[in-house]
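First comes the structure, then the notes that go with it.
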Amino acid sequence: MARLTGITVLATGADADLGRTTIRRLVGEGAVVVAGASPDLDEGELEQLQGDLGARVTVLRLDVTDAASWEAATSLVHRDHGALHGLVNSASTLQMGSITDMEPSDLQTMIDVNLLGPALGIRTVAPLLRAAGGGAIVNIASTEALRGARNAAIFAATNWGLRGLTRSAALELGVHGIRVNTVCPSIGLMSPVDTEAAPGELLDGARPRQVTMGDVAAMVAFLLSDDSATCSGGDFLVDAGATA
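For the sequence shown, the tail end lands on 1166 under my numbering, and the numbers increase by one without skipping.
This is the structure:
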């Protein structure tokens, strides 16, 4: 299936497993991707990532917490591709620990990467999507966006905030033909590949045995495509029924 043929997507978190898996799915469905990776990568790591992702992907360093870095990324998109049709906010960070024990700097890092980053991304790319006649934004959170999380309070709080950002942006940008949605995978159940069950196999006759990164990538691709033209402001669970 090549339902993303002809579109250009900016995606963050390219140096993480889920980010790479998602980018490969988008390319497989026809998209051209500009992939933002950690600004901490050295030249060798950047070149290796570029080689891994292939010719339809342009890898660049992108500090999601820095407005100027976002501006540089969108300038590259405009220069090399002319138009932008989608944004995937995949970059995130998780630091476990009791809220009473964590350092304020650790708390701030999660807020900056997980919430400020997507907000800056939406702020920066919205004019490009509008100029292209509309588009889609997908924010990747987790099932902690729907419940509390012991020893991950700030991570959960940023995920809840990301859902609020999604819904508010969907209301504000919908008039310009821009859809915004959140994907909420179950991190605790997620693995890179199917290792415990064949596709479609059920656990206890009710729910899939596990969630793979490929499942999450497939949901992202759906939400970027015209197949989801009526979907905006929504939370899309990929959790094998864990929150049911």
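From the three backbone atoms N, C-alpha and C, an ideal C-beta is built for every residue, glycine too.
Buried or exposed (CB count within 10 angstroms, at least 16 for buried), residue i
i	result
V955	buried
E1025	exposed
A995	buried
D937	buried
I929	buried
V1097	exposed
D985	buried
E969	exposed
Inter-residue CB distance, residue i and residue j (contact presumed, cutoff 8 Å)
i	j	result
L1084	P1040	6 Å
S1020	N1073	6 Å
L998	L975	Actually they do not touch by this definition, with Cβ atoms about 16 Å apart.
Pick from the options that is closest to residue i, judged by C-alpha positions
i	options	result
A1140	N1036, L1037 and V1105	V1105
I945	V979, R1072, D1157 and I1100	V979
T934	I1059, A1166 and G1163	I1059
L948	D1157, L963 and T927	T927
R1045	E965, W992 and R983	W992
C-beta atoms of residue i and residue j nearer than 9 Å
i	j	result
L1042	A1092	no
L1016	M1032	yes
G1156	N1081	no
G1099	G1136	no
S1012	G966	no
D1161	T1065	yes
R1089	L1145	no
V1171	L932	It is not possible to answer for residue 1171, since the shown part of the chain is limited to 923 through 1166.
6 Å Cβ shell around residue i - same chain, five flanking residues per side excluded
i	result
A924	E951 and G952
H1007	I929, T930, A1054 and G1057
A1071	A1078
Contacts around residue i, its chain only, beta-carbon distance under 8 Å, and the 5 residues preceding and following it disregarded
i	result
R1069	A1078 and T1165
A1067	A1078, N1081, W1082, L1084, R1085, T1104, C1106 and D1157
L1087	L1037, P1040, A1041, I1044 and N1061
Residues near residue i by beta carbon distance below 7 Å, same chain, minus five either side
i	result
A1143	L926, R947, L948 and E951
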